[in-house]
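J.: Counting from 117, one number per residue, gives the positions in the sequence shown under the numbering used here. Have a look at this one before I ask anything.
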Amino acid sequence: MSQPFITPLGANLSPPRSSTDDDRAAATYRNDVLRAPFYGILEAGWSTFALLIAIRHFDAPETYKAFIAGAWPIGFLLTPLTLYFVAKRQIRPSLASACMFALAALLMVGATVIQSLTLFTVFIITSQMATVQQGPLMIQIYAENYPAHERGKRMTTPFILTALSMILFSLLGGWLLDISINYYHLLFVIMVLAAAACGWATNRIPSIPLSTDHVGNPWQNFSLIWKDRLFGYLLGSWMLLGLGNLITMPIRVEYLANPEFGINADNATIAFLLVVVPAAARILSTKVWGSLFDKLHLITTRNLLNAFFLLGIACFFFTKNIILLTFAMILVGLATGGGKIIWSLWVTKIAPQEKVSSYMSIHMALTGFRGTLAPFIGYWILSSSAPKGVAFVGMLLIFVSILLFECVRHHQRFER
């Protein structure tokens, strides 16, 4: 790789910490831990039950299901605009994030009471779009409030608590939906309360308004893709990885729930396989991945995770055996345990501290781009082949991304 246009060293140069810095770190951690279980309820509800309800209650066609599956990343596309608006208005990042959760709660009320498939889809999509706007704001808070050598470790406990609540809510949700699919209203009420609680806890996290000098407008942030060549290269490699993984995610629900593919699992089994098993694996592995993120080369950690994702896909779509399906989702859960950490924090390894939110907003926007496309690509492949066809394409893309990441292992930015 050639010398990058930008050589950000700020992420690795930290002034001595004061007692005030330690107090901010402690308050951030305390409230992030408080928020985490409620966030797990939202993750479980949106990752599995929203699509499951669309399939089994509303009998939604593929287009609606693809939009619901892509709702989270669709919201990522707006994060550069949200970041610029928050900086321009000098709003505290934690307050802005809390407002996003409050808006998500209101939109979930609409999804709870409405009986139209179209309006249900609109409310489900917009509630998730609102929630994800807090992503680059929170990563800026973590970069400012946590010392660089502790960020991975500090993130692990909230991730574990998120995974635990996902397990509990998924078990409850699967059990209730097997009694009656109409009990989804109760699940959504719980999600409304969880979003409100997330907003309350997030607002308690200390933060300072962003500077427009550092954040820049969306176009200035997007120009980092070609001005910082290493960043642009890593984003391209991440694009292939993300597409390979994301095209298979909604197809997992389809593979288990659609009688056409021969499994036709009940709701509790689907929730167990797609949420409980990987969440349990996340809990067991998150501390390890947090430590590895702080200590290992970024490319080493990234490609270890990629290998687990690839093996998880390979084991899932080529069997109908419940034990092998469980093993496959354990692999996916192990990968997700570290994937959440590295996805959230990797830009802190290469970006100046004051520009972390700008780098993160572009990373999230491109995540949104691929995440928006991925469900449609996955369902398009499925319409002309089978779940195995989707799996083959996903595995190939992940394998190519592994090779691309390895090509920059010895880049001088990583050596520093």
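Every residue, glycine too, gets a C-beta built ideally from N, C-alpha and C. Source: prediction; values computed, not measured.
1. In whole angstroms, what is the alpha-carbon distance linking residue 325 and residue 159?
2. Please check the pair residue 246 and residue 216, which I expect to be a contact at CB under 8 angstroms, by giving their CB distance rounded to whole angstroms.
3. In chain order, what residues of the same chain lie with their CB nearer than 6 angstroms to the CB of residue 488, ignoring the 5 residues before and after it?
4. If we ignore side chains and look at the alpha-carbon of each, how far apart do residue 430 and residue 148 end up?
5. Among 137, 168, 520, 427, whose alpha-carbon lies nearest the alpha-carbon of residue 353?
6. If you check the beta carbons only, do residue 164 and residue 296 fall under 8 angstroms apart?
7. Excluding sequence positions up to five away, which residues of its chain have a Cβ less than 7 angstroms from the Cβ of residue 462?
8. Cα-Cα, which of 405, 478, 501 is closest to residue 336?
9. If I measure Cβ to Cβ from residue 498 and keep anything under 8 angstroms in the same chain, skipping five residues before and after, which residues do I get?
10. Could you pull out every residue in the same chain whose Cβ sits closer than 6 angstroms to the Cβ of residue 144, ignoring the five residues on either side in sequence?
11. Is it the case that the segment 396-413 contacts the segment 440-455, given that we only count it when at least three CB pairs across the two stretches are under 8 angstroms?
12. Does DSSP put residue 574 in a helix, in a strand, or in coil?
13. If we count the other Cβ atoms within 10 Å of its Cβ and call it buried at 16 or more, is residue 437 buried or exposed?
14. What is the DSSP secondary structure of residue 128, counted as helix, strand or coil?
15. Just to confirm before moving on: does the CB-CB distance between residue 464 and residue 472 stay below 8 angstroms?
16. Under DSSP, the alpha helix (DSSP H) around residue 523 begins and ends at which residues?
17. The ligand ATP and residue 352: does the residue's C-beta get closer than 7 angstroms to at least one heavy atom of that ligand?
18. Thinking C-alpha only, which one of 475, 236, 328 is nearest residue 346?
19. On the CB-based measure, 16 or more other CB atoms within 10 Å of its CB, does residue 235 come out buried or exposed?
20. Between residue 304 and the rest of its own chain, which residues show a CB-CB distance below 7 angstroms, the 5 nearest in sequence each way excluded?
21. Work out the CA separation of residue 486 and residue 514 for me, nearest whole Å.
T.: So, to answer that:
1. 28 angstroms
2. 5 angstroms
3. 186, 189, 190
4. 35 angstroms
5. 520
6. no
7. 414
8. 478
9. 367, 370, 505, 506
10. 261, 321
11. yes
12. Given a span of 117 to 532 for the chain in the structure shown, any question on residue 574 remains unanswerable.
13. exposed
14. Residue placement at residue 128 is poorly supported in this model, since its pLDDT is 43, which falls under 50; the coordinates still yield a value, given next. If DSSP states are grouped into helix, strand and coil, residue 128 belongs with the helices.
15. yes
16. Per DSSP, residue 523 belongs to no alpha helix (DSSP H) and is neither H nor E.
17. As for the ligand ATP, it is missing from this structure, which has no ligand bound.
18. 475
19. exposed
20. 224, 227, 228
21. 14 angstroms
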